[in-house]
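**Q** Residue numbers (my numbering), protein chains in the order written: chain S, 7 to 346; chain E, 24 to 259. Every residue, glycine too, gets a C-beta built ideally from N, C-alpha and C. Please read all numbers here as calculations on a predicted model, not as lab measurements. Structure incoming, see below.
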Amino acid sequence: MSEENKILTVSASPHRRTEDTTGGIMIDVIIALMPALVLSVVLFGFRSLLVVATSVIACVVLEYICRKVMKRNNTLGDFSAVVTGILLAFNLPSTMPLWMVVIGDAVAIVVVKQFFGGIGQNFVNPALVGRIVLMTSFPTYTNSFVQPFAWRMPNVDAVTSATPLAQFAGSYTPDGVVSAMNSSEMPTLAQMFFGICGGCLGETCAAALILGGIYLCIRKVISPRIPLYYIGTVALIMLIAGKGNLQFVAYQLLSGGLMLGAVFMATDYTTSPIKTKGKIVFAIGCGILTSLIRIFGSLPEGVSFSIILMNILVPHIETLTTPKPFGTVKEKKQKEEAAK
Amino acid sequence: MAKQKTLREEFTKGIIKENPVLRLVLGTCPTLATTTSMESAIGMGISAAIVLVCSNIVISALRKVIPQKVRIPCYIVVIAAFVTIVQMLVKAFVPSLDEQLGVYLPLIVVNCIILGRAEAFAGKNSVVASAVDGLGMGIGFTVALIVISAVRELFGAGSLLGHALLPFPAMTIFVLAPGGFFVFGLVMACANKLAEMGGGKKAELGGCKACPMADTCQKLAKGDACEKEGKETVES
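Encoded structure:
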């Protein structure tokens with residue numbers, strides 16, 4: 007086509023296309039997850055790398071088989087299965103039996119993702135459902151956490167340790183949280199920031215996760231709104247629950263899967279609202295549910311359940327927060343005027 | 024009925040092609056609630072089948088006596104009578120089953136399958152055809168319950184009929200409600216595939232024709248309200 011023709015040709019919109027591809031975005035997410043992966047190997051040994059590798063391979067193989075059996079085009083190139091695999095493994099303790107990891111992958115990829123039509127069609131976050139299925143099925147395995155650096159000690163198989171949240175559980179009164187924080191088993195805030203505490207293999211190190219989150223924000227893969235509003239809501243509620251005890255708030259923000267969930271899970275494109283207002287409503291809802299489950303629930307941690315519950319509400323959030331197109335009159339007003 | 028079916032067809036349709044649980048999606052509540060173990064599923068299936076056959080026979084015999092306007096209360100009275108009989112028999116001879124099924128045994132009274140067959144079939148057809156239809160539907164219900172409960176008990180508790188089988192830890196989620204929904208959906212998908220292979224109607228996705236009662240729906244046959252609604256939703 008000559009230059010003249012290009013100018014004279016009239017085509018239908020869209021006229022400008024972005025260079026972004028799903029594969030590129032997913033590779034950015036994988037890069038952002040790398041610091042946490044490296045730290046998990048440092049903290050929990052090569053066993054955690056084995057869990058992550060098993061999960062990724064299982065996800066990719068299952069996705070390939072699913073697409074083949076369902077006679078759909080191959081979507082391995084978008085790397086979304088790899089991200090799901092890493093995220094699911096990050097939500098499991100490093101001692102998890104590998105066949106159970108594969109079952110979690112099967113639930114995530116086959117049931118949640120491919121049964122509903124593949125990438126972009128899943129109504130909840132696949133990795134979180136995989137984790138919840140494993141949690142309800144094998145509670146003894148998903149809730150036994152080894153102490154960091156236990157792999158370096160010779161002659162010790164595994165030293166289990168209670169997570170900070172498990173130590174807070176059931177004592178969410180102003181006095182109870184102080185005594186829980188002063189107990190000898192509770193790690194210091196600095197230790198928690200660098201992940202030296204019991205927990206799932208990818209969730210303990212807040213520093214690495216925040217680093218990944220900043221990278222994603224700079225690359226414009228995610229907007230910082232969901233993580234900030236999510237974490238902010240939890241901070242606010244915990245400030246009230248702890249009667250203004252800032253140390254307690256810091257403990258709550260650094261413990262459990264909050265950082266991992268807020269940065270990498272709640273910001274999933276498919277299962278979070280598109281518009282800014284909706285994103286804020288979604289994130290605040292996640293924060294409220296997480297805090298309520300932690301304070302009043304029978305489980306010590308509620309990040310996965312709260313994100314899943316808000317995922318299900320996303321279509322309603324979208325309809326309720328649809329922006330009014332410029333120059334139009336609100337429906338209610340229209341009706342009122344029609345009545346006149 | 025548009026075309027006369029043979030008794031054999033009336034009997035076999037309930038097992039796969041028009042399976043009450045898996046194809047007509049009736050009686051979902053007892054299906055999910057009683058399939059946590061195979062024992063209770065078999066008990067539930069047989070009790071419901073007995074009530075279904077008996078109520079179909081009586082309702083069919085009375086179909087010319089029952090006034091059209093009050094037919095539903097009349098059907099319920101007949102069904103409730105048989106449920107009471109079955110409940111008393113179960114309480115007397117298999118009290119353990121009665122304990123397992125709990126409230127779901129008396130709830131057979133409001134089981135959609137039984138009322139659905141009374142309304143859609145027994146109220147319009149002869150006694151013999153109704154009896155055969157009830158028997159086929161009852162067997163279809165029992166088979167569906169047994170298949171779902173076998174999967175749930177095997178993977179959720181690691182056993183079948185109480186005999187431990189699995190050498191590795193079982194997945195508790197299968198005996199919980201979410202696992203019930205998962206298995207129910209998967210078995211339903213298999214039944215749809217089987218029915219299609221057997222020459223049944225392909226399962227529709229969306230629209231008025233996707234309704235499990237589309238075949239017996241009088242409104243749809245007339246192209247009435249239902250159809251209009253369907254068009255409206257497509258346009259909007």
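Answer yes or no: does any C-beta atom of chain S fall closer than 8 angstroms to that of residue 18 of chain E?
**A** Here chain E has residues from 24 to 259 only, and residue 18 of chain E is not among them.
**Q** Would residue 35 of chain S pass as an interface residue toward chain E - the criterion being a Cβ-Cβ separation below 8 angstroms?
**A** The residue given as residue 35 of chain S occupies position 29 in the first sequence. So, not an interface residue.
**Q** Does the beta carbon of residue 204 of chain E sit closer than 8 angstroms to a beta carbon anywhere in chain S?
**A** On the second sequence, position 181 is the one that residue 204 of chain E refers to. Not one chain S Cβ lies under 8 angstroms of residue 204 of chain E.
**Q** Kindly indicate which three-state DSSP category residue 186 of chain E falls into: helix, strand or coil?
**A** Residue numbering aside, residue 186 of chain E sits at position 163 when the second sequence is read from its first letter. Residue 186 of chain E falls in the strand class under three-state DSSP.
**Q** Determine the closest residue to residue 153 of chain E out of E/166, E/76, E/125 and E/29, with distance taken between C-alpha atoms.
**A** By one-based count along the second sequence, residue 153 of chain E stands at place 130. Selected option, being the one with the closest Cα: E/76.
**Q** Give the DSSP-derived three-state secondary structure of residue 152 of chain S in the structure shown.
**A** Position 146 of the first sequence, counted from the first residue, corresponds to residue 152 of chain S. DSSP places residue 152 of chain S in strand when its eight states are reduced to three.
**Q** May I ask you to verify whether the stretch 38-56 of chain S touches the stretch 205-218 of chain S, counting CB pairs closer than 8 angstroms and requiring at least 3?
**A** A contact exists between the stretch 38-56 of chain S and the stretch 205-218 of chain S.
**Q** Is the beta carbon of residue 135 of chain S less than 8 angstroms from the beta carbon of residue 113 of chain S?
**A** In the first sequence, counting from the first residue as 1, residue 135 of chain S sits at position 129. In the first sequence, counting from the first residue as 1, residue 113 of chain S sits at position 107. Their beta carbons are under 8 angstroms apart, which means residue 135 of chain S touches residue 113 of chain S by this criterion.
**Q** Tell me whether residue 208 of chain E is buried or exposed, calling it buried when 16 or more other Cβ atoms sit within 10 Å of its Cβ.
**A** The count along the second sequence starts at 1 and reaches residue 208 of chain E at position 185. The residue is exposed, with fewer than 16 neighbouring Cβ atoms inside 10 Å.
**Q** Which residue wins for smallest C-alpha separation from residue 36 of chain E, given the options E/123, E/97, E/71 and E/140?
**A** Here residue 36 of chain E is taken as the residue at index 13 of the second sequence, counted from 1. The shortest Cα separation from residue 36 of chain E among E/123, E/97, E/71 and E/140 belongs to E/140.
**Q** By Cβ distance below 7 angstroms, which residues in the same chain neighbour residue 247 of chain S in space, the five residues on each side in sequence not counted?
**A** Stepping through the first sequence from its first residue, residue 247 of chain S is reached at position 241. Taken in chain order, the residues that qualify are 178 and 301.
**Q** Which class does residue 33 of chain E belong to by DSSP, given the choice of helix, strand or coil?
**A** On the second sequence, residue 33 of chain E is found 10 positions in, with the first residue counted as 1. Residue 33 of chain E: helix per DSSP, three-state reduction.
**Q** As a quick exercise: from S/316, S/51 and S/253, pick the residue whose alpha carbon is nearest that of residue 199 of chain S.
**A** As a first step, residue 199 of chain S is located in the first sequence; it is residue number 193 there, counting from the start. Among S/316, S/51 and S/253, the Cα nearest to that of residue 199 of chain S is on S/253.
**Q** Jot down the residue ranges of each uninterrupted beta strand (DSSP E) in the stretch 263-345 of chain S, minimum 3 residues, whole runs only, in chain order.
**A** With a minimum length of 3 residues, no continuous beta strand (DSSP E) run stays inside the stretch 263-345 of chain S.
**Q** Do you know how far the Cα of residue 323 of chain S is from the Cα of residue 332 of chain S?
**A** In the first sequence, the residue the question calls residue 332 of chain S occupies position 326. In the first sequence, the residue the question calls residue 323 of chain S occupies position 317. In a straight line, the C-alpha of residue 332 of chain S is about 21 angstroms away from that of residue 323 of chain S.
**Q** Pull out every residue of the stretch 140-157 of chain S whose Cβ sits closer than 7 angstroms to any Cβ of chain E, in chain order.
**A** So the close ones are 142, 143 and 144.
**Q** In whole angstroms, what is the alpha-carbon distance linking residue 98 of chain E and residue 138 of chain E?
**A** Counted from its first residue, the second sequence places residue 98 of chain E at position 75. Counted from its first residue, the second sequence places residue 138 of chain E at position 115. Whole-angstrom Cα-Cα distance: 7 angstroms.
**Q** Is it the case that the CB of residue 133 of chain S approaches a heavy atom of the ligand FMN more closely than 7 angstroms?
**A** As for the ligand FMN, it is missing from this structure, which has no ligand bound.
**Q** Using three-state DSSP, classify residue 189 of chain S as helix, strand or coil.
**A** As a working note, residue 189 of chain S is residue 183 in the first sequence. Coil at residue 189 of chain S, not helix or strand.
**Q** Mind listing the chain E neighbours of residue 117 of chain S? Cutoff is C-beta to C-beta under 8 angstroms, in chain order.
**A** Reading the first sequence from its first residue, position 111 is the one you call residue 117 of chain S. Neighbours of residue 117 of chain S on chain E, chain order: 205.
**Q** Within the chosen definition, does the stretch 225-239 of chain S reach the stretch 120-134 of chain S through at least 3 CB pairs nearer than 8 angstroms?
**A** The stretch 225-239 of chain S, when compared against the stretch 120-134 of chain S, does not touch it at the 8 angstroms Cβ threshold.
**Q** Using beta carbons (cut-off 8 angstroms, strictly below), is residue 171 of chain E in contact with chain S?
**A** Working through the second sequence from its first residue, we reach residue 171 of chain E at position 148. Residue 171 of chain E does not count as touching chain S.
**Q** Note down, in chain order, every chain S residue with its Cβ under 8 angstroms from the Cβ of residue 196 of chain E.
**A** One-based indexing of the second sequence puts residue 196 of chain E at position 173. Near residue 196 of chain E (Cβ distances below 8 angstroms), the residues of chain S are 139, 142 and 143.
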